[in-house]
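A.B. asks: One structure coming up, written as structure tokens, with questions to follow.
Chains as they are written, first to last, in the working numbering: chain U, 884 to 1046; chain B, 331 to 616.
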């Protein structure tokens, strides 16, 4: 909390979220979109873990609301999931930081999977369609992508001296 | 720890925030699911913020298209031109015949005392984004209420019915595809006039046609076109081809699967229709 959070740093964190949203709504053909990781959730977990005093539940809620508009899902559906995800990530901040990389990836993947369950629950309650096995594909993609995304975002964080 | 009007205020704990925001979210979900109209204004406001993001996400594809267009060689263009000219001739010939036929149908209809064939005004809209999954099969179009789009408007492709508009923002609108689990299209068999409804399944290449009795005359390969019942979709456009018919004598209804004919995955532009009455009311003449 000692060093201030300058507008430039804030904009940089915002930019990483903006890019993740772009990647999340980029139209992909056919079955390739099943392997699309939940970029927004991954970036959110990273920042919640790295700077828990700056990025938290409030930011997650606003982010989720934006996603709801973009996905055309029920308002609050993604917001609820992202709020839960941010809470879990903040709760396990210290443990996530201590884990070796592969274990961290699995932990992040499990947290995102838990928040995905909320989305699936809301969707099956609201629309009456049961979840399918194909919903698990992005959860696996999350775990695979995490180590690479972690390295990129850590580099961004160190260069910009965000703490 | 800070103070406000003499009260000491603590930074709220994460659990407090979680409960607070979760309650607000659940409230929003319920509100949105039950009273969609009340949240529409908020959605429209938010779309001003999200519209640039959607445009940006569509950018790589439009840029790729532009580049592909710009780098065509002269011979390719000549070839394409001659092909198009030939096609133009063919279509011209067909069209001249169409005019005659249309006049004849109108005359026959008048003779029979039936309604004239409903006139439609149409326009093209570009697809900005596609969202598909087991729960939603949607498209986002680049036109909205500024272009007089309205909820419940029929959307067609070159090969048949694509879907209908379910929400309209100022500059964008969302189309529910016929394969959306919430979609139902009143249809009629081309072969024998059997009436049915085609429901979406959430899969891009499958529709289901429930509530057909075991004795219904339906076969694999039957083509179903829209019947025009219900007033949303115009009559006579291809909707589905039957791919699977399973009958179990112990059950009252057949299990019928069909493939959508609208080629939902192949378009960059779709056709929007305005019935003439609506077009007239909105002050559009075309």
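Glycine included, every Cβ here is placed at the ideal spot set by N, Cα and C. Only a predicted model underlies this, so the values are computations on that prediction, with no experimental measurement involved.
Quick check on the DSSP output: the beta strand (DSSP E) that includes residue 573 (chain B) runs from which residue to which?
C.D. replies: To locate residue 573 (chain B), count along the second chain from 1; it is residue 243. Per DSSP, residue 573 (chain B) belongs to the beta strand (DSSP E) from 568–576.
A.B. asks: To the nearest angstrom, how far is it from the Cα of residue 503 (chain B) to the Cα of residue 487 (chain B)?
C.D. replies: Start at 1 with the first residue of the second chain, and residue 503 (chain B) comes out as number 173. Start at 1 with the first residue of the second chain, and residue 487 (chain B) comes out as number 157. Roughly 16 Å separates the two Cα atoms.
A.B. asks: Determine which residues share a DSSP beta bridge with residue 493 (chain B) and list them.
C.D. replies: Stepping through the second chain from its first residue, residue 493 (chain B) is reached at position 163. DSSP lists B:485, B:507 as partners of residue 493 (chain B).
A.B. asks: Quick one: Cα of residue 554 (chain B) to Cα of residue 991 (chain U), how far?
C.D. replies: Taking the first residue of the second chain as position 1, residue 554 (chain B) is located at position 224. Taking the first residue of the first chain as position 1, residue 991 (chain U) is located at position 108. Each residue's alpha carbon lies about 48 Å from the other.
A.B. asks: Can you give the Cα-Cα distance for residue 446 (chain B) and residue 515 (chain B), rounded to whole angstroms?
C.D. replies: Translated into the one-based positions of the second chain, residue 446 (chain B) becomes position 116. Translated into the one-based positions of the second chain, residue 515 (chain B) becomes position 185. Note that residue 446 (chain B) scores a pLDDT of 40, beneath 50, so its modelled location is shaky; the value from the coordinates is reported in the next line. Taking the straight line from one Cα to the other gives about 23 Å.
A.B. asks: Please give me, in chain order, every unbroken run of the alpha helix (DSSP H) with length at least 4 that falls completely inside the region 919–963 of chain U.
C.D. replies: For the region 919–963 of chain U, whole alpha helix (DSSP H) runs of length 4 or above, ordered along the chain, are 922–933, 940–954.
A.B. asks: Three Cβ pairs or more, each shorter than 8 Å: is that satisfied between the region 332–347 of chain B and the region 919–929 of chain U?
C.D. replies: Not touching, per the Cβ criterion.
A.B. asks: Kindly give me the distance between the Cβ atoms of residue 617 (chain B) and residue 542 (chain B), rounded to whole angstroms, as I take these residues to be in contact under 8 Å.
C.D. replies: Residue 617 (chain B) is absent from the structure shown; chain B starts at 331 and stops at 616.
A.B. asks: If we count Cβ pairs, one from each stretch, closer than 8 Å, do we get three or more for the region 418–431 of chain B versus the region 935–948 of chain U?
C.D. replies: No, the region 418–431 of chain B is not in contact with the region 935–948 of chain U.
A.B. asks: What is the C-beta distance between residue 563 (chain B) and residue 459 (chain B), in whole angstroms, given that I count them as a contact (C-beta under 8 Å)?
C.D. replies: Here residue 563 (chain B) is taken as the residue at index 233 of the second chain, counted from 1. Here residue 459 (chain B) is taken as the residue at index 129 of the second chain, counted from 1. That belief does not hold up - the Cβ atoms of residue 563 (chain B) and residue 459 (chain B) are roughly 23 Å apart, past 8 Å.
A.B. asks: Taking the beta strand (DSSP E) that residue 604 (chain B) belongs to, which residues open and close that run?
C.D. replies: For the purposes of this step, residue 604 (chain B) is taken as the residue at position 274 of the second chain. That run of the beta strand (DSSP E) goes 599–605.
A.B. asks: Is the region 994–1009 of chain U close to the region 956–974 of chain U, with three or more CB pairs under 8 Å?
C.D. replies: With the cut-off at 8 Å, the region 994–1009 of chain U and the region 956–974 of chain U touch.
A.B. asks: What is the C-beta distance between residue 933 (chain U) and residue 1040 (chain U), in whole angstroms, given that I count them as a contact (C-beta under 8 Å)?
C.D. replies: What you label residue 933 (chain U) is simply residue 50 of the first chain in a count that begins at 1. What you label residue 1040 (chain U) is simply residue 157 of the first chain in a count that begins at 1. 6 Å between Cβ atoms; contact.
A.B. asks: For residue 1012 (chain U), which residues in chain B fall below 7 Å Cβ to Cβ?
C.D. replies: Residue numbering aside, residue 1012 (chain U) sits at position 129 when the first chain is read from its first letter. Residues of chain B passing the Cβ test: 464, 465, 511, 532.
A.B. asks: Roughly how many whole angstroms lie between the Cα atoms of residue 385 (chain B) and residue 906 (chain U)?
C.D. replies: Residue 385 (chain B) sits at position 55 when you count from the first residue of the second chain. Residue 906 (chain U) sits at position 23 when you count from the first residue of the first chain. Each residue's alpha carbon lies about 13 Å from the other.
A.B. asks: With DSSP as the reference, please indicate the residues paired to residue 468 (chain B) in a beta bridge.
C.D. replies: Taking the first residue of the second chain as 1, we reach residue 468 (chain B) at position 138. Answer is B:461, B:506, bridged to residue 468 (chain B).
A.B. asks: With residue 489 (chain B) and residue 592 (chain B) assumed to form a contact (beta carbons below 8 Å), what rounded beta-carbon distance in angstroms separates them?
C.D. replies: On the second chain, residue 489 (chain B) is found 159 positions in, with the first residue counted as 1. On the second chain, residue 592 (chain B) is found 262 positions in, with the first residue counted as 1. The pair is a contact, with the Cβ atoms about 6 Å apart (cut-off 8 Å).
A.B. asks: Residues of chain U with CB closer than 8 Å to the CB of residue 377 (chain B), please, in chain order.
C.D. replies: Along the second chain, read from residue 1 onward, the residue named residue 377 (chain B) stands at position 47. The contacting residues are 952.
A.B. asks: Against residue 362 (chain B), what residues of chain U qualify as contacts under a CB-to-CB distance less than 7 Å, listed in chain order?
C.D. replies: Indexing the second chain from 1 puts residue 362 (chain B) at position 32. Within 7 Å Cβ-Cβ: 957, 958, 959.
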